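Have a look at the structure below, then the notes.
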Amino acid sequence: MPHPHQRMFSTILIANRGEIAVRIARACKELGIHTVAVYSEADRHALHTQVADEAVLIGGPQPGESYLNIERVIAAAKETDAEAIHPGYGFLSENAEFAEAVQAAGLTFIGPPPSAIRAMGDKAESKLRMQRAGLPIIPGAQNLNSDSDFVAAARAMGFPLLIKASAGGGGKGMRTVTEAGDLLEELEAARRVALSAFGDDRLLLEKYIEAAQHIEFQVFGDQHGHLVHLFERECSVQRRHQKIIEETPSPLLTPELREKMGQAAVIAAGVVGYYNAGTVEFLVDPATSQFYFLEMNARLQVEHAVTELLTGLDLVQWQIRIAAGERFPFQQEDVTRRGHAIECRIYAEDPASGFLPSTGGLLQLLEPRGPGIRLDSGVAAGGEVSHYYDPLLAKLIVHAEDRSSAIRRIQAALRDYVVHGVVTNIDFLQDVLADPDFQDGSVSTGWVESLFEWRPSAVPADALIAAAVAELNALSSGSQLAGAAETDPFSPWKSAKGFRN
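Quick note on this note's numbering: the sequence shown kicks off at 30 and runs consecutively.
Written out as structure tokens, the structure reads:
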């Protein structure tokens, strides 16, 4: 709870949707804070609108009409007498203009100062800042204008290399170029994506590090100049530069390397006067154990839950308390960790069809429960998965005494996780977790796409026989089936939508 002399917010507006909006609402309730959800027309019956104390419609289904509409979000906060706005992750969370607009409206932005968001938001500029602060950065070239500048810089660097968007992250606009003849075509493709995603088509080049590991450090600071790190997260299991599985501690770090990288993360955050929750991301070259500053995310991360389970700290509650002016009471030596935590992201997508998003009604949802199992979900049975937004359904997180126990626990939890109505990546995640490379902790950022070739396993013959028998039984007792369909509002037999098991 807040310090007895510190005034806590009475009402917070959550400027997001899905699992992170639900997560923030629950943290607020534990602090005794009234919550306001915002929703689009496509999310009228979404879980986050039901978990919050009240909900406000802010626009149409397209993100630009609703969740990205700064004026409507702030108007909703004013209308409901909210004192602060939590942006979650994605959408407006790393938008300095939004943070400034919130402050200009006399409200508190639950996050870092706008100056830090702006400093870290431009990837090219942030690299230069970090280089001046003495952090190692990946060799590359920024502030290139013409195609001829890119060609000259690429020749000097050599191949393979990465093209990245200067104005954003999340893998959007990122392209790997292995041959000089592909450079101009990939530049054009990267510009289109960067302009669409960030409204800014500036690009930079980076040397591509073979078999690199992606390791990030959680940093946390208050508004009184106190800054610490909360250890690392291993994020190398990725597909198209999007993380799939995260864990902590990293099986790849030695204690010496962990200490060096943690110190570098705190320096990076201090350079821009950072406070609240943030993440400093690094690439590690396993051949040399050399690490390089990659970028800083000026927000809460999707994978923050593994850090919470490892340290016992509620990061969302501390975000709120720090935004209210509290001091973070822990020194670096006070932050301890216990056991091992792993997170799997559960997506409505079809891995067998190029990971295409899967949309439709959630006809049945059986969620795993048990010791050491946590599920941060943004959906409920009877809900709808829309094509307008990211297909992330939930995050399954486990904690155990050691890594091998955590892997077994999350495998067991995934076996108990049943989703009917949309296709998910659960079977794919099971096979990743069972692979010897993952079990050994020897994966890199390119492993999923280059080494891990996945095909869905064939449906066992006895399952097909059981399904056929069940169908015959249903046909022979049509009246019973009709009666069940009438009483069950989520029965697939009652739905006119496309359905498959």
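Even glycine gets a Cβ: it sits at the ideal position worked out from N, Cα and C. Computed from a predicted structure; not experimentally measured.
Span separating the alpha-carbon of residue i from that of residue j
i, j, result
"M149", "E430", "36 Å"
"E154", "F322", "13 Å"
"F227", "V65", "27 Å"
"V451", "L385", "11 Å"
"S195", "L233", "6 Å"
"V266", "P315", "15 Å"
"A105", "F138", "14 Å"
"A223", "E215", "12 Å"
"S177", "G197", "23 Å"
"D456", "A463", "11 Å"
"R437", "I53", "29 Å"
"S486", "Q459", "11 Å"
"D151", "G291", "22 Å"
"I351", "A297", "20 Å"
"G89", "S95", "6 Å"
"P31", "G61", "With a pLDDT of 49 at P31, under the threshold of 50, the modelled position of that residue is not reliable, and no figure is offered here."
"E263", "V498", "46 Å"
"K201", "K193", "8 Å"
"E217", "K236", "19 Å"
"A84", "R73", "9 Å"
With 16 other Cβ atoms within 10 Å as the buried cut-off, status of residue i
i, result
"K272", "buried"
"H369", "buried"
"A113", "buried"
"T283", "exposed"
"N454", "buried"
"R231", "buried"
"E100", "exposed"
"A185", "exposed"
"Q348", "buried"
"M37", "buried"
"S225", "exposed"
"H34", "Low confidence applies here, because H34 scores a pLDDT of 45, under 50, leaving its location unreliable; read the following figure in that light. Burial call: exposed."
"D251", "buried"
"R374", "buried"
"H115", "buried"
Coarse secondary structure for residue i, derived from DSSP in three states
i, result
"V206", "strand"
"K272", "strand"
"Q393", "strand"
"L97", "coil"
"D314", "strand"
"D379", "strand"
"T109", "coil"
"P92", "helix"
"G150", "helix"
"L462", "helix"
"S278", "First, the amino acid is wrong: residue 278 is Pro here, not Ser. Residue state, collapsed to three classes: coil."
"R46", "coil"
"V301", "coil"
"L510", "Confidence at L510 is low in this model, with a pLDDT of 49, below 50, so its placement is unreliable and the value that follows should be read with caution. Note: L510 maps to helix in three-state DSSP."
"V452", "coil"
"Q171", "coil"
"R158", "helix"
"T336", "helix"
Residue i, enclosing beta strand (DSSP E) - first and last residue
i, result
"D405", "402-406"
"K201", "Looking at the DSSP string, K201 is not in any beta strand (DSSP E), and its letter there is neither H nor E."
"V67", "63-69"
"L323", "319-326"
"V248", "242-250"
Cut-off 7 Å between Cβ atoms - residues of its own chain near residue i, not counting five sequence neighbours on either side
i, result
"E48", "D405, S406, G407, L421, A423, K424"
"A182", "A170, L173, L234"
"L213", "D176"
"I146", "E123, A125, A128, A327"
"F188", "V206, T207, E208, A209"
"A21", "Since the first residue of the chain shown is 30 and the last is 530, residue 21 is not available in this structure."
"L190", "A183, V206, L234, E235, K236, Y237"
Span of the alpha helix (DSSP H), counted from its first residue to its last, around residue i
i, result
"Q132", "125-133"
"L425", "Looking at the DSSP string, L425 is not in any alpha helix (DSSP H); the run it does join, the beta strand (DSSP E), is 421-429."
"S479", "476-479"
"I362", "Note on identity: in this sequence residue 362 is Glu, with Ile being the wrong assignment. Premise fails: E362 is in no alpha helix (DSSP H) and is neither H nor E."
"G187", "Where G187 is concerned, there is no enclosing alpha helix (DSSP H), given that its DSSP letter is neither H nor E."
"V472", "Here V472 belongs to no alpha helix (DSSP H), and DSSP marks it neither H nor E."
"E217", "212-227"
"Q348", "344-352"
"L164", "Where L164 is concerned, there is no enclosing alpha helix (DSSP H), given that its DSSP letter is neither H nor E."
"I436", "432-444"
6 Å CB neighbourhood of residue i in its chain, flanking five on each side removed
i, result
"H255", "F357"
"L339", "T277, R366, A370"
"A13", "Look at the range of the chain in this structure, 30 to 530, and you will see that residue 13 is not part of it."
"Q361", "V257"
"P143", "A125, A128, E129"
Close Cβ partners of residue i (< 8 Å) along its chain, the five nearest in sequence each way excluded
i, result
"D419", "G47, G119"
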